[in-house]
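Number of protein chains: 2
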Amino acid sequence: MSGLDSIGIAAKKAGRQLAKLTSATKDRALLSIADALVSRQSVIIEANRKDLEAGKAAGLSDAILDRLLLDSTRLAALAKDVQKVAGLPDPVGEEFDQKLLPNGVRLSKRRTPLGVIGAIYESRPNVTIDISVLCLKSGNAVILRGGKESINTNTALAELVRDTISQADLPKDAVQLITSTDRKLVDEMLKMKDYIDLLIPRGGAELVKRVAAEATMPAITGGIGVCHTYIDKSANQGMAVAIAYNAKVQRPTVCNAMDTLLVHADAAPVVLPQVAREWGKAGVEIHCDPASLNILQAVKGEFSNGFKLVPAQKEDWGTEFLSLTASVKMVGSLDEALLHIEEYGSGHTEVIVTEDYSAATRFVNEVDASAVMVNASSRLNDGGEFGLGAEVAISTSKFHARGPMGLRELTSYKWAVMGTGQIRN
Amino acid sequence: MSGLDSIGIAAKKAGRQLAKLTSATKDRALLSIADALVSRQSVIIEANRKDLEAGKAAGLSDAILDRLLLDSTRLAALAKDVQKVAGLPDPVGEEFDQKLLPNGVRLSKRRTPLGVIGAIYESRPNVTIDISVLCLKSGNAVILRGGKESINTNTALAELVRDTISQADLPKDAVQLITSTDRKLVDEMLKMKDYIDLLIPRGGAELVKRVAAEATMPAITGGIGVCHTYIDKSANQGMAVAIAYNAKVQRPTVCNAMDTLLVHADAAPVVLPQVAREWGKAGVEIHCDPASLNILQAVKGEFSNGFKLVPAQKEDWGTEFLSLTASVKMVGSLDEALLHIEEYGSGHTEVIVTEDYSAATRFVNEVDASAVMVNASSRLNDGGEFGLGAEVAISTSKFHARGPMGLRELTSYKWAVMGTGQIRN
Numbered sequence: 446m447s448g449l450d451s452i453g454i455a456a457k458k459a460g461r462q463l464a465k466l467t468s469a470t471k472d473r474a475l476l477s478i479a480d481a482l483v484s485r486q487s488v489i490i491e492a493n494r495k496d497l498e499a500g501k502a503a504g505l506s507d508a509i510l511d512r513l514l515l516d517s518t519r520l521a522a523l524a525k526d527v528q529k530v531a532g533l534p535d536p537v538g539e540e541f542d543q544k545l546l547p548n549g550v551r552l553s554k555r556r557t558p559l560g561v562i563g564a565i566y567e568s569r570p571n572v573t574i575d576i577s578v579l580c581l582k583s584g585n586a587v588i589l590r591g592g593k594e595s596i597n598t599n600t601a602l603a604e605l606v607r608d609t610i611s612q613a614d615l616p617k618d619a620v621q622l623i624t625s626t627d628r629k630l631v632d633e634m635l636k637m638k639d640y641i642d643l644l645i646p647r648g649g650a651e652l653v654k655r656v657a658a659e660a661t662m663p664a665i666t667g668g669i670g671v672c673h674t675y676i677d678k679s680a681n682q683g684m685a686v687a688i689a690y691n692a693k694v695q696r697p698t699v700c701n702a703m704d705t706l707l708v709h710a711d712a713a714p715v716v717l718p719q720v721a722r723e724w725g726k727a728g729v730e731i732h733c734d735p736a737s738l739n740i741l742q743a744v745k746g747e748f749s750n751g752f753k754l755v756p757a758q759k760e761d762w763g764t765e766f767l768s769l770t771a772s773v774k775m776v777g778s779l780d781e782a783l784l785h786i787e788e789y790g791s792g793h794t795e796v797i798v799t800e801d802y803s804a805a806t807r808f809v810n811e812v813d814a815s816a817v818m819v820n821a822s823s824r825l826n827d828g829g830e831f832g833l834g835a836e837v838a839i840s841t842s843k844f845h846a847r848g849p850m851g852l853r854e855l856t857s858y859k860w861a862v863m864g865t866g867q868i869r870n
Numbered sequence: 446m447s448g449l450d451s452i453g454i455a456a457k458k459a460g461r462q463l464a465k466l467t468s469a470t471k472d473r474a475l476l477s478i479a480d481a482l483v484s485r486q487s488v489i490i491e492a493n494r495k496d497l498e499a500g501k502a503a504g505l506s507d508a509i510l511d512r513l514l515l516d517s518t519r520l521a522a523l524a525k526d527v528q529k530v531a532g533l534p535d536p537v538g539e540e541f542d543q544k545l546l547p548n549g550v551r552l553s554k555r556r557t558p559l560g561v562i563g564a565i566y567e568s569r570p571n572v573t574i575d576i577s578v579l580c581l582k583s584g585n586a587v588i589l590r591g592g593k594e595s596i597n598t599n600t601a602l603a604e605l606v607r608d609t610i611s612q613a614d615l616p617k618d619a620v621q622l623i624t625s626t627d628r629k630l631v632d633e634m635l636k637m638k639d640y641i642d643l644l645i646p647r648g649g650a651e652l653v654k655r656v657a658a659e660a661t662m663p664a665i666t667g668g669i670g671v672c673h674t675y676i677d678k679s680a681n682q683g684m685a686v687a688i689a690y691n692a693k694v695q696r697p698t699v700c701n702a703m704d705t706l707l708v709h710a711d712a713a714p715v716v717l718p719q720v721a722r723e724w725g726k727a728g729v730e731i732h733c734d735p736a737s738l739n740i741l742q743a744v745k746g747e748f749s750n751g752f753k754l755v756p757a758q759k760e761d762w763g764t765e766f767l768s769l770t771a772s773v774k775m776v777g778s779l780d781e782a783l784l785h786i787e788e789y790g791s792g793h794t795e796v797i798v799t800e801d802y803s804a805a806t807r808f809v810n811e812v813d814a815s816a817v818m819v820n821a822s823s824r825l826n827d828g829g830e831f832g833l834g835a836e837v838a839i840s841t842s843k844f845h846a847r848g849p850m851g852l853r854e855l856t857s858y859k860w861a862v863m864g865t866g867q868i869r870n
């Protein structure tokens, strides 16, 4: 039996205990974690300092070091997030789809925890708290595997959580961290299907793809968003520009940022220069198909700041840029836009800007993605924006849950059958 | 590109077309399949005769040959089943979880097909029709792989379906049958995750286990039911006997039949002999723990027909008998029953017979299974009995769907976001 087996067995056991706890007990434990993040911050900050020093010595970039950093301010914000989760409704036990069967049986579904969640994540150590808290709230045990850059911080955070929850009558092993940074352990973790009911990869495309390809248990596939915004010929131009700007610029490094702008040929001559001017102010590099390049090159001189125009290559379609880069294509019809999205989209978030009822209806009906939007920014595809209160991930899989996954998406259900002696004829 | 790749590509394409069809179009196609099963029965019966002859020559048992048989009567019944599915509500497009967000966005979820379903099944050829029809109704394309014993029948049925639906404006490739009986193709099918969104194994435990272990795409885990019925000390005795009899005897070869009877020590002296007497009439072989063996041996002489008593071995606990065999154990408390179920149950169907409110509540809350029942026969865990209209399988997985899976469980959803220019702040 490997070390991971004993972690798995302990997690299963803790999960069964968690499943029986009341919301009040779980919320008390969460609030005590929030308190401890502030009252015991010196331990965390000291551990974090070790990671930062090791990171500097290893030559990590300032951006990565900043992602690693946990100080007083960030711990206080993290504690607030934990309090917010404690205040959300408990999904476990929720009853739905009730019916009275013709034979008198009262039938319903009741939400249950999934059991044990596995989480593999990269540098940001606050994920240790985020995921732990969402799992505890939804009655699931969790096995955490963080990045080696934040091993000291993660270890201190996990110990704080384990210590705190065990004082709040929760099983310590509801949260376990794999402390060895041996990369082989990720391979082993991907094989733990007897112990892990759902695996959540939180990190870059490489991690997500590896988990999708190799995990033996259900895993969330997501995080890769090749998102299109289609400006229809009937679009309100001001709205189109505002949405195109927000979708590309507001936070370009995330999965629901726009990658490709499709513009109807009738709208392009007027709307494209306006979009480009706004993008230009933010420093967006624009990879244009020949038709849109024509339009934008003709007006480039009009704008003092100018903007970066690059002829689009084949690989600009279907690419998630995660940066201030966008590809632009002119299309002759809604059908052409739909075909482009079908071919190049990753099923994450697709947007139409239109005033045409039939175009809006067709777009929503026909596009196959986790979120399909009319006249809104793709950046809105998010658990917080959708009112879920918290988000584990955005799933692009069609199985179990699609789009933003909150607490409810960390549950299963059981059928409760309340009879009075019914048998089968 | 192997032959299966081209099948996969064609299925994906057909699935995208199916997703856009109206309910009326799909139902017309289903009704024309029902008609063809009757009007073109001679082709099916002739193909079936070849399978039966080959089966006889290969020395298949009468029971298996009977499962293979399709005659006029069975085809008429099959046609009726297809008509019934046509009459069910279309899950695709159903809108739920609607809300108006604070920023004015109208948010909802809309059910969508999963895409392409794969089905691997064993001898009964009517599964070819069952699964095809459920997939078509739910807007999914399907790739079928039947058993080699029914290859001629399956081929004729699949051709009938393809021919019929293409005349009803559905893409022919919405239903494709893998006609090679080479066993290697099952291995290949298990790797088709780029084309198959959900794999459904319909067959014995060996097939189900193989699919669970080797499928690279989501697959339904189910079909294995180690089901317990616990007779509490407060149980109504007549009800307990009726439920124990029904759960074991009404159809012993299926997954929701009872395997182990747990009886509270206070109830056992009176209720166990009554259960055993009824079971004895049906020829049930009873594998008893020492305590229940004592009780039943003492009264065995009283019953003229007698009953088969065998001392239970270790392997009698946690075994799915799929026959007129039951194991029986006396327990000292509800807690002991819960522990036994937690240790040996397969998470399929668990039953308590009790008049005690607290015992019923604890049982439903604490037992982790697809269906948890109070005072009802485990045989009721079934899509038909639960009012789903049709059933693809009973899932014992906690992911996506648990328990009976009907049309709705063959769908995913997308978030529809209807805005008026909202962006993210």
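Protein sequences appear in the order of chains L and C.
For the first sequence, the numbering used here begins at 446 and goes up steadily by one.
For the second sequence, the numbering used here begins at 446 and goes up steadily by one.
All residues carry an ideal CB built from backbone N, CA and C; glycine is no exception.
Note that the C-beta distance between A492 (chain L) and T598 (chain L) is below 7 angstroms. The DSSP-derived three-state label of N820 (chain C) is strand. The alpha carbon of A680 (chain C) has as its nearest neighbour, out of C:N548, C:K525, C:I797, C:A835, the alpha carbon of C:I797.
When secondary structure is reduced to three states using DSSP, H732 (chain L) falls in the strand class. One thing to note: S791 (chain C) has its Cβ within 7 angstroms of the Cβ of I669 (chain C). Closer than 7 angstroms to the CB of L825 (chain L) there is at least one CB belonging to chain C.
Interface flag for Q462 (chain L) against chain C is unset, since no Cβ pair is found closer than 7 angstroms. T799 (chain L) and A782 (chain L) have their alpha carbons spaced roughly 13 angstroms apart. Runs of the beta strand (DSSP E) lying entirely within the region 529-568 of chain L, each at least 3 residues long, are 540-545, 551-558, 561-566 in chain order.
In this structure, DSSP gives M637 (chain C) a state outside helix and strand, which the three-state scheme calls coil. With respect to chain C, the C-beta atom of N585 (chain L) has no partner C-beta closer than 7 angstroms. Around S791 (chain C), no beta-carbon contact reaches into chain L at under 8 angstroms, the shortest distance being about 14 angstroms.
Around G848 (chain L), the beta-carbon contacts reaching into chain C at under 7 angstroms are W860. Within chain C, the residues whose beta carbon sits less than 8 angstroms from that of F844 (chain L) are L559, D642, L643, P663, F844, H845, S857, listed in sequence order. Contact between the region 807-826 of chain C and the region 468-478 of chain L is not established, with fewer than three Cβ pairs separated by less than 8 angstroms. In the three-state reduction of the DSSP assignment, D761 (chain C) falls in the helix class, which pools H, G and I. Per DSSP, R590 (chain C) is one residue of the beta strand (DSSP E) stretching across 586-590. Not a single CB atom of chain L sits nearer than 7 angstroms to the CB of I839 (chain C). The Cβ-Cβ distance between G563 (chain C) and I641 (chain C) falls below 7 angstroms. Listed along the chain, the chain L residues whose CB falls inside 7 angstroms of the CB of V809 (chain C) are A861. Secondary structure of R647 (chain C) (DSSP, three-state): strand. Looking at the DSSP output, H709 (chain C) bridges to C:V776.
Around the Cβ of Y675 (chain C), a 10 Å sphere holds 16 or more other Cβ atoms; the residue is buried. Relative to G532 (chain C), the option among C:W860, C:V862, C:G500, C:A835 whose CA is nearest is C:A835.
In this structure the region 613-624 of chain C does not touch the region 536-543 of chain C; the number of beta carbon pairs closer than 8 angstroms is below three.
Rounded to the nearest angstrom, the Cβ distance from I839 (chain L) to G667 (chain L) is 5 angstroms, consistent with a contact under 8 angstroms. With respect to V671 (chain L), D711 (chain L) sits apart: the two C-beta atoms are not nearer than 7 angstroms. Burial check for S842 (chain L): the Cβ neighbour count within 10 Å reaches 16 or more, so the residue is buried.
The shortest CA-to-CA distance from K544 (chain L) to any of C:G851, C:L833, C:A861, C:S857 is the one to C:L833. Contact annotation for Q867 (chain C) against chain L: N820, A821, S822, L825 [CB-CB distance below 8 angstroms, chain order]. Three or more Cβ pairs closer than 8 angstroms define a contact, and the region 722-739 of chain L falls short of that threshold against the region 841-858 of chain L. Taking C-beta atoms as the reference points, R647 (chain C) and V572 (chain C) count as a pair closer than 7 angstroms.
For the region 529-559 of chain C, residues whose beta-carbon sits nearer than 7 angstroms to a beta-carbon of chain L comprise K544, L546, V550, L552, T557, L559. A Cβ-Cβ contact shorter than 7 angstroms links R512 (chain L) with R569 (chain L). Between M775 (chain L) and V708 (chain L), the C-beta gap is smaller than 7 angstroms, which places the two residues in contact.
Runs of alpha helix (DSSP H) with 4 or more residues, each lying fully within the region 784-813 of chain L, are found at 802-811, listed in chain order.
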